[in-house]
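Scroll down for the structure; my scribbles are underneath it.
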Amino acid sequence: MRVGATRVTLDTVVAAFQIGLSAEAIAERYPTLALGDVYAVIAFYLRHGAEVQAYLAYRQQNASRVRAANQSKHPPVGVKERLLSRQ
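Note that the numbering used here has the sequence shown beginning at 151, numbered continuously upward.
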């Protein structure tokens, strides 16, 4: 889920808030974010923390499944050597 019309995800803003960054610091770190949008995400997270955590856990599980599927279809064996041989 993206924040506003940016490519910054909800995960990113929530993680930054969880490590103690203020809304202003988050907006400064991600200049495409409007400060009001950062405050809106934080307010939503504080009000609906359980749902947000469930959503983030689902995204993490889904990402792990996709990563495993990709690695089984395209094993990373020899990738480093192929990339180095291009130099």
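Glycine included, C-beta positions come from ideal geometry on N, C-alpha and C.
| Check | Outcome |
| --- | --- |
| Status (buried if at least 16 other CB within 10 Å, exposed otherwise) for Leu185 | exposed |
| Separation of Lys230 from Val158, as counted between CA atoms | 30 Å |
| Beta-carbon gap between Val202 and Val153 smaller than 8 Å | no |
| Contact check, Asp161 vs Leu196, beta carbons under 8 Å | no |
| Element boundaries [alpha helix (DSSP H), containing Ile176] | Ala173 to Arg179 |
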